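Asker: In order, the protein sequence lines correspond to chains G and X.
Residues 1 to 322 (the working numbering) are what the first sequence spells out, left to right.
Residues 1001 to 1516 (the working numbering) are what the second sequence spells out, left to right.
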Amino acid sequence: MILALARQLRNAGVLGINRRNAEFLSRCNPRALYPRVDDKVLTKQLAGAQGIPIPRLLLVIERTAEIRGFEERLQGTQEFALKPARGCQGSGIVLITKRVQAGFVTTSGEVISPEDLAYHISSILSGIFSLAGLADRAILEELIHPDPVFAALTYRGVPDIRIVVYRGVPVMGMIRLPTRASDGKANLHRGALGAGIDLGRGTTLSAVCRDRVVTHHPDTGAAVRGLLVPHWPTMLHLAARCYELAGLGYLGVDLVLDEQRGPLLLELNARPGLAIQLANESGLLERLQRVDAAPGRLFESAESRAAWAMETFQASQVSVTE
Amino acid sequence: MKRNAAGMVAGVLLLLPALLVTYRIVGLGYPPIPTAPGRTWEVSVRALVRPDARGVLAQLILPQSRGESIVMNEQLTSGVLDAHMVVSEGRRLGVWSGPPSEDEAIIGYQAIIHLPAGRGVTPRLKAPELQTYPPDLPPAERAALERLVARWRRRPPQQRLAAAAQTLGGEWSDVEAAAEDIRQWSSMSAERGPLQAFLLLLRAAELPARQVQGLPLGRSVRSAPLEWVEVWVGKEWARISAESGLPSGRSVQYLPLARDGEEALTVRQGKLLQARWTVRRRPVSNWFLHYERLTRSNRLLDRWSLFTLPEETREAFSVLLLVPIAALFTAALRNLVGFPTFGIFMPVLLAISFRATGLLYGLGLFVGIMLFGYLIRRLLNHLRLLMVPRLSIMLTLVIVALLYLALLGSKLENQQFMSTGLLPIVILTMIIERFYVLLEEAGVREGLRTVAGSAAVSVITYFLIHSDTLQLTFFVYPELLAMVMALQVLLGRYTGFKLLELLRFRPIGAPGRARA
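#1: What are the residues that DSSP puts in a beta bridge with Arg162 of chain G?
#2: Name, please, each residue of chain X whose Cβ falls closer than 8 Å to the Cβ of Asp211 of chain G.
#3: Could you pull out every residue in the same chain whose Cβ sits closer than 6 Å to the Cβ of Pro1208 of chain X, ignoring the five residues on either side in sequence?
#4: Run the CB neighbour count on Phe80 of chain G, radius 10 Å, all protein chains shown included, and call it buried at 16 or more, exposed below.
#5: Quick one, which residues of the region 126 to 157 of chain G are near chain X if we go by CB-CB under 8 Å, in chain order?
#6: Does the pairing of the region 1034 to 1049 of chain X with the region 1276 to 1287 of chain X give three or more beta-carbon distances under 8 Å?
#7: Quick check: the Cα distance between Arg156 of chain G and Pro230 of chain G, rounded to an integer number of angstroms?
#8: What does the Cβ neighbour count give for Val208 of chain G, buried or exposed, with the cut at 16 atoms within 10 Å?
#9: Which runs of the beta strand (DSSP E) spanning at least 3 residues fall entirely within the region 97 to 147 of chain G, listed in chain order?
#10: Let me make sure I understand the geometry here. Which of G:Lys83, G:Arg7, G:Ala152 and G:Thr154 has the alpha-carbon closest to that of Ser130 of chain G?
#11: Contact criterion: CB-CB distance below 8 Å. Does Val318 of chain G meet it with respect to chain X?
#12: Just to check, is the beta-carbon of Thr77 of chain G closer than 7 Å to a non-hydrogen atom of the ligand NAP?
#13: Is it the case that the region 50 to 65 of chain G contacts the region 96 to 116 of chain G, given that we only count it when at least three CB pairs across the two stretches are under 8 Å?
#14: Got a sec: is the Cβ-Cβ distance from Ser282 of chain G to anything in chain X below 8 Å?
#15: Roughly how many whole angstroms lie between the Cα atoms of His217 of chain G and Ala195 of chain G?
#16: Residues of chain G with a CB under 7 Å from the CB of Pro1507 of chain X: which are they?
#17: Starting from Ser122 of chain G, find everything on chain X with Cβ-Cβ shorter than 7 Å and list it in chain order.
#18: Expressed to the nearest angstrom, what Euclidean distance is found between the alpha-carbon atoms of Phe1463 of chain X and Asp1082 of chain X?
#19: To which residues does DSSP link Glu1230 of chain X through a beta bridge?
#20: Val1388 of chain X: which of G:Ala223, G:Leu228, G:Ile128 and G:Pro114 sits nearest, CA to CA?
#21: Per the contact definition of three or more C-beta pairs closer than 8 Å, is the region 221 to 239 of chain G in contact with the region 281 to 294 of chain G?
#22: Run down chain X in chain order and give the residues with a C-beta less than 7 Å from the C-beta of Glu23 of chain G.
#23: Taking C-alpha atoms, which residue in X:Lys1235, X:Leu1093, X:Trp1237 and X:Gln1211 lies nearest to Leu1226 of chain X?
#24: The beta strand (DSSP E) spanning Glu1501 of chain X covers which residue range?
#25: Identify each residue in the region 4 to 19 of chain G for which the Cβ-Cβ distance to at least one residue of chain X is less than 7 Å, and report them in chain order.
#26: Output the distance between the C-alpha atoms of Val1121 of chain X and Thr1396 of chain X, rounded to the nearest integer angstrom.
#27: Just to check my reading of the structure: Leu1289 of chain X and His1114 of chain X have Cβ atoms closer than 8 Å, yes? What is that Cβ distance to the nearest angstrom?
#28: Alpha helix (DSSP H) containing Tyr1404 of chain X: first to last residue?
#29: Using 8 Å as the threshold, is the region 1342 to 1352 of chain X in touch with the region 1440 to 1458 of chain X, meaning 3 or more CB pairs across them?
#30: Using three-state DSSP, classify Ile17 of chain G as helix, strand or coil.
#31: Is Asn1004 of chain X close to chain G, meaning its C-beta is less than 8 Å from at least one C-beta of that chain?
#32: Just list the beta strand (DSSP E) runs in the region 1260 to 1343 of chain X, keeping only unbroken ones of 3 residues or longer that don't cross its boundaries, in chain order.
#33: List the residues of chain X that Tyr250 of chain G touches, going by C-beta distances under 7 Å, in chain order.
#34: Taking Cβ to Cβ, would you say Ala1517 of chain X is nearer than 8 Å to Leu1028 of chain X?
#35: Is the Cβ of Val1426 of chain X closer than 8 Å to any Cβ of chain G?
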């Protein structure tokens, strides 16, 4: 039974975590380059230098002593996103839409007193949310206003688009849609919905929620399949360019679609998860092997890589009508 | 390439200890299974001696450790007498002496004898030299003896022995000997005793033989040691009962004490009133046996054996040697199964600490501390403290809680409540913090799942590292650690699916969906 299941998964080209670590992360991702993706401040600097659009950085708080004056330093800025620079899986993020007399109003309408926010910042600095538990920095960046195209599939929060990029070639994508269970966060671990994306067309495929295949959004009730992601070719191109930015051969690129600014690079991930396979009902390994077998001239530019990916990983008509 | 290199490293790590273990077993006579019971007997001798005008002087030939048979825990006891152990002419002697007295004196000796399970590896023996005829033997008698054995002198040793042994029962059927010669032999037997006559016959038949006094190792109480004759039959000594002339079975092992006509117990001054020779089973721990065996040896590997460490260090290492197995096991659970645990080796630390607390109480304590810590963490959250000071406060409160538990235990006279010494409290405090964050962020289900995973791994690890069989095996053959390492290397190169991944990705692999 077990062996048969393992064979089925192997035949379907599914990538397991052991193989991801041993054959892809350890081979393609030099440890020395991890800070480029683990530290959002550094990522933003590198992206800015490459002309990749990002949410603007408003403020970096490095020391506890700096917390006291951060409100003044924000000047008139009303809305912002507060994040740990080295946070993982969306933990420690607070989104503020408005400043009122009593403090700060979050996207969910809750009012946070200045003291509470200061405590949260000091928690971030102490490294609670950071990957290795080391001391961290807090960043305040421009708040994203998600494109309303996803409104029917979003419970509060901001949906984001994850694209796995192998040796600079986008191989698989999904859109992560916040749910009530995920508390408005676009994080699959917390119960957000992940919908696979047809790389060729930019339309959503099947979806997964808590490792189970679903067809409708649990909160809004809207059907997931068939939604066209705007600016899709641009997004694939952006994702492909991130390879030069990070230097990591196996990379997770997280993009958001801002109402006004269009696709923006939110963050990079050196250890992208494998749930994306469930969202696409398709194995990653098979695609990675196709990239390895591709002709060398493919890798010359980000344009050629993105174009090859659109052509190669277009979902077959059969599986769409199924 | 890397796969091959890892495979080779694993191969070498498997092969080297295999060779070393084989050498220890075949070359040095280690027990193949260190926990095989083997046989241990308690042998004791008690004699009552009445001093004469000169006092008391008595001598007992003591058993000797040879190869795998070892003598341990020897005790000489004496009431009023002086007792010494001396070595003389290659024999070990117990000597008791005392001044003249009206009172009867007691001579006592006790020892534990261990014989290897099964026959073990028999050492290759050198053929002994043929004994000489006693100088006082008249030439006529010698000639008669040689005529008696003339018929079977050329036969193989076993047959010669069988023919000679029959004569102890007075049977001469196999020999067409002259009646005169038989009569002469009968008178020799009457004069020197049947045993001596038998030995002379063996000499005439050119069979090396020796007379032995000792004890059969089986439950017995006797007033005198047993006598038997050992006859060299080519490659080994055959044992013949001195009374019946029958060969003794192999099922019983014998403990030789005195050879070549010597008495095991000799009273030179004083009168032996009575003696009691007792043999009985005496189970002892395998640890004790290995210790006794290895510390007596002066072979290089034995001198570097872990058993030569001081006792406390030995105890610590007997557990530490199994920690790599526990680590291997944890790695397997995480990489092959996909079990969630707090930290990588926390469950192992927890399992080691259960040694002091006991399993059930230790687990209860772990769960209790997690809950208590979680509540404290929730309360502390209102104070908005920085992380490290907050962790310190939690650590302090956890220790205070344990302290009160211990106090309560001492009032209730409950030992377990007080045995928290080895709990890795500092690490537990970190775990509480992670538990809290996990509960807040991933939900109660994930948090409890991880607690259950950690507890399960530590319970399994507990049974693993507290297995006496495993502890002893690794302590006797520490090179087995290399084999554990080989498995760790192989596990490190495992790139297949985890068991839980199979379930997780099952929808993708469903038949009909797989691409051709």
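Where is the CB? At the ideal position from N, CA and C, for every residue including glycine.
From a predicted model like this one, the values you see are computed outputs, not experimental measurements.
Answerer: In brief:
#1: In the first sequence, residue 162 of chain G corresponds to position 162, counting from 1. In DSSP, Arg162 of chain G forms a bridge with G:Met174 and G:Asp254.
#2: Taking the first residue of the first sequence as 1, we reach residue 211 of chain G at position 211. Correct list: Arg1504.
#3: Locating residue 1208 of chain X in the second sequence gives position 208, where the first residue counts as 1. Here the set comprises Pro1128, Leu1130 and Trp1232.
#4: For this step, residue 80 of chain G is matched to residue 80 along the first sequence. The residue in question, Phe80 of chain G, is buried, as its Cβ has 16 or more Cβ neighbours within 10 Å.
#5: Going along the region 126 to 157 of chain G in chain order, one finds Ser126, Gly127 and Ile128 with a Cβ nearer than 8 Å to chain X.
#6: The region 1034 to 1049 of chain X vs the region 1276 to 1287 of chain X: in contact.
#7: Numbered from 1 along the first sequence, position 156 holds the residue referred to as residue 156 of chain G. Numbered from 1 along the first sequence, position 230 holds the residue referred to as residue 230 of chain G. Straight-line Cα distance between these residues: approximately 20 Å.
#8: On the first sequence, position 208 is the one that residue 208 of chain G refers to. Per the 10 Å Cβ criterion, buried.
#9: 103 to 106 and 138 to 141
#10: Sequence index remark: in the first sequence, residue 130 of chain G carries index 130 (1-based). Among G:Lys83, G:Arg7, G:Ala152 and G:Thr154, the Cα nearest to that of Ser130 of chain G belongs to G:Lys83.
#11: Working through the first sequence from its first residue, we reach residue 318 of chain G at position 318. In this prediction, Val318 of chain G scores a pLDDT of 43, lower than 50, which makes its location untrustworthy; the coordinate-derived value is nonetheless stated afterwards. So, not an interface residue.
#12: By its list of ligands, the structure shown contains no ligand whatsoever, and the ligand NAP lies outside what it can speak to.
#13: Contact between the region 96 to 116 of chain G and the region 50 to 65 of chain G is absent, because fewer than three Cβ pairs lie under 8 Å.
#14: The residue you call residue 282 of chain G lines up with position 282 of the first sequence. Answer yes: the Cβ-Cβ gap between Ser282 of chain G and chain X drops below 8 Å somewhere.
#15: Translated into positions along the first sequence, residue 217 of chain G becomes position 217. Translated into positions along the first sequence, residue 195 of chain G becomes position 195. Their Cα atoms are separated by approximately 10 Å.
#16: Within the second sequence, the letter at position 507 stands for residue 1507 of chain X. Here the neighbours are Val213, Leu278 and Glu281.
#17: To locate residue 122 of chain G, count along the first sequence from 1; it is residue 122. In chain order: Leu1386.
#18: For the purposes of this step, residue 1463 of chain X is identified with residue 463 of the second sequence, where counting begins at 1. For the purposes of this step, residue 1082 of chain X is identified with residue 82 of the second sequence, where counting begins at 1. Between Phe1463 of chain X and Asp1082 of chain X, the C-alpha separation is close to 51 Å.
#19: Taking the first residue of the second sequence as position 1, residue 1230 of chain X is located at position 230. Answer is X:Arg1210 and X:Arg1239.
#20: Reading the second sequence from its first residue, position 388 is the one you call residue 1388 of chain X. Considering only alpha carbons, the answer is G:Ile128.
#21: Touching, no.
#22: The count along the first sequence starts at 1 and reaches residue 23 of chain G at position 23. Neighbours of Glu23 of chain G on chain X, chain order: Thr1495.
#23: Within the second sequence, numbered from 1, the residue matching residue 1226 of chain X stands at position 226. Leu1226 of chain X has its Cα closest to that of X:Gln1211, out of X:Lys1235, X:Leu1093, X:Trp1237 and X:Gln1211.
#24: For this step, residue 1501 of chain X is matched to residue 501 along the second sequence. From DSSP, Glu1501 of chain X is part of no beta strand (DSSP E) but of the alpha helix (DSSP H) over Leu1499 to Arg1504.
#25: Cβ contacts with chain X come from Leu5, Ala6, Gln8, Leu9, Asn11, Ala12, Val14, Gly16, Ile17, Asn18 and Arg19.
#26: As a working mapping, residue 1121 of chain X is identified with position 121 in the second sequence. As a working mapping, residue 1396 of chain X is identified with position 396 in the second sequence. Confidence at Val1121 of chain X is low in this model, with a pLDDT of 45, below 50, so its placement is unreliable and the value that follows should be read with caution. About 60 Å.
#27: Indexing the second sequence from 1 puts residue 1289 of chain X at position 289. Indexing the second sequence from 1 puts residue 1114 of chain X at position 114. The Cβ separation is near 6 Å, so the contact holds.
#28: The residue labelled residue 1404 of chain X in the question sits at position 404 within the second sequence. From DSSP, the alpha helix (DSSP H) with Tyr1404 of chain X extends over Met1387 to Lys1411.
#29: With the cut-off at 8 Å, the region 1342 to 1352 of chain X and the region 1440 to 1458 of chain X touch.
#30: The sequence position of residue 17 of chain G within the first sequence is 17, counting from 1. Three-state result, Ile17 of chain G: helix.
#31: Counted from its first residue, the second sequence places residue 1004 of chain X at position 4. By this cut-off, Asn1004 of chain X is not an interface position.
#32: 1265 to 1269 and 1271 to 1281
#33: Looking up residue 250 of chain G in the first sequence gives position 250. In chain order: nothing, as chain X lies at least about 14 Å away.
#34: The question about residue 1517 of chain X has no answer, for chain X in this structure spans 1001 to 1516.
#35: On the second sequence, position 426 is the one that residue 1426 of chain X refers to. So no, Val1426 of chain X is outside the interface.
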